Structure formats: structure tokens, C-alpha cells
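Participant: Have a look at this one.
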Amino acid sequence: MYLISACLVGQPVRYDAKSYTYPILQQLVDSGQAIIACPEMLGGLACPRAPAEIHGGTALDVLQSRAHILDNTGLDVTQAFLNGAYQTLRLAQKHHVSVAILKEKSPSCGRHWIYDGQFTGQLITGMGLTATLLQQEGIQVCSEHDFISAWPEA
Ligand code: SF4
Numbered sequence: 036m037y038l039i040s041a042c043l044v045g046q047p048v049r050y051d052a053k054s055y056t057y058p059i060l061q062q063l064v065d066s067g068q069a070i071i072a073c074p075e076m077l078g079g080l081a082c083p084r085a086p087a088e089i090h091g092g093t094a095l096d097v098l099q100s101r102a103h104i105l106d107n108t109g110l111d112v113t114q115a116f117l118n119g120a121y122q123t124l125r126l127a128q129k130h131h132v133s134v135a136i137l138k139e140k141s142p143s144c145g146r147h148w149i150y151d152g153q154f155t156g157q158l159i160t161g162m163g164l165t166a167t168l169l170q171q172e173g174i175q176v177c178s179e180h181d182f183i184s185a186w187p188e189a
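Heads up, the sequence shown is in this note's numbering, so the first residue is 36 and it goes up one at a time.
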């Protein structure tokens, strides 16, 4: 079973209430091979919401209470992000998910890249909080680009 970031299959759950459409990913959902989740919505954040970035460390540091997630107004939203990450993990475990296909560059879902915490648009190498937690718990995590480039029918 796959778990897919909800915003990749048309759910308007991004911070700006927008979404993306990837027919290959939608097919997985429609055929019952994938469940969808938005960690930030599961964590109780509103939509639309202020954009947030990991500040002062990595996602692993956030999991170990050594860094925070702040929105662009300076509000500390770490607890909501943690709640959402653990709820997503529980959902994944309940549905026996082996692979998560998550939205690149998100502070929750990013697989290879996240923003640098300064809200300047600068990307750095790193993973989002939910991506890190799922990977720690043995779930393979890939970005939408990883998955689509490896999919034979794409
Ligand atoms: Fe939700 Fe992840 Fe998409 Fe952000 S990237 S809107 S947390 S599913």
C-alpha cells in the first residue's frame, strides 16, 4: 500500500489552499492501492495557513526537541507539525503502507529538499518532519518526482 501527500492528488490542502494533479498518483488512489494524508491538516492547522519552515536544525532535531518549526509570522507551530507527523505514521501503520510518495520541498513532506528556515526561498538538502518520521519507522519515502521518473508507464 502507498501513502500519498493529499495535495498531490487534487486536495486543496496546501498552505495557500492550492493543489497539484498527477494522473498516475490519482490512479493509485482510485484503484485502492494508495491512501492519502495531509500531515499539516491532520495536525490541526487551518487552510489556508501561513507558510512554515524548519528553523534552527533538521527535522530529526525537531523530533528530538532541538529545533522548531515557525511560520512566517514567527508563530511556533512545532506541536501541530509533530501531531500531524505522528497521526500520519499511525494511519500508515494501520493501512500497512510500505512506500510513501510525498511532496518535495515541504517542511512536512519534503524528501530531498526543504527551505532553509529564513523564508527567502533558498532550498537546502533535507527532509520534512513527516518524511523523516516515516523513514525512521521503516517506511520507504520518495518524492513525487522520484516515483514518477521510476514508474514504467509514466
Ligand atoms: Fe499537506 Fe504535505 Fe501537501 Fe503540505 S506537502 S499540503 S503537509 S500533504
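Ideal placement from N, C-alpha and C gives every residue a C-beta, glycine not left out. These numbers come from a predicted model, not from an experiment.
Kindly provide the ranges of any beta strand (DSSP E) runs that are 3 or more residues long and lie completely inside the segment 70-97, ordered along the chain.
Facilitator: The segment 70-97 contains these whole beta strand (DSSP E) runs: 87-90.
Participant: So Val97 packs on Leu164, CB below 8 Å; how close in whole Å?
Facilitator: Yes, Val97 and Leu164 are in contact; Cβ-Cβ is about 6 Å, under 8 Å.
Participant: Using only alpha-carbon positions, find the residue among Glu179, Ile71, Pro47, Val64 that is nearest to Pro83.
Facilitator: Among Glu179, Ile71, Pro47, Val64, the Cα nearest to that of Pro83 is on Pro47.
Participant: Alpha carbon to alpha carbon, what distance is there between Leu124 and Ala166?
Facilitator: Approximately 10 Å between the Cα atoms of the pair.
Participant: Just to check my reading of the structure: Val132 and Ile174 have Cβ atoms closer than 8 Å, yes? What is that Cβ distance to the nearest angstrom?
Facilitator: Yes, they are in contact, since the Cβ atoms of Val132 and Ile174 sit about 6 Å apart, within 8 Å.
Participant: Is the CB-CB distance between Asn118 and Phe154 below 8 Å?
Facilitator: Their beta carbons are not under 8 Å apart, which means Asn118 does not touch Phe154 by this criterion.
Participant: Would you check whether the ligand ADP has a heavy atom nearer than 7 Å to the C-beta of Ala94?
Facilitator: This structure simply doesn't include the ligand ADP; it includes the ligand SF4 instead.
Participant: Taking only heavy atoms of the ligand SF4 into account, decide whether any of them is closer than 7 Å to the Cβ of Ser40.
Facilitator: True, at least one ligand heavy atom lies under 7 Å from that Cβ.
Participant: Is any heavy atom of the ligand SF4 found at a distance shorter than 7 Å from the C-beta of Met162?
Facilitator: No, since every heavy atom of the ligand SF4 falls outside the 7 Å radius drawn around the Cβ of Met162.
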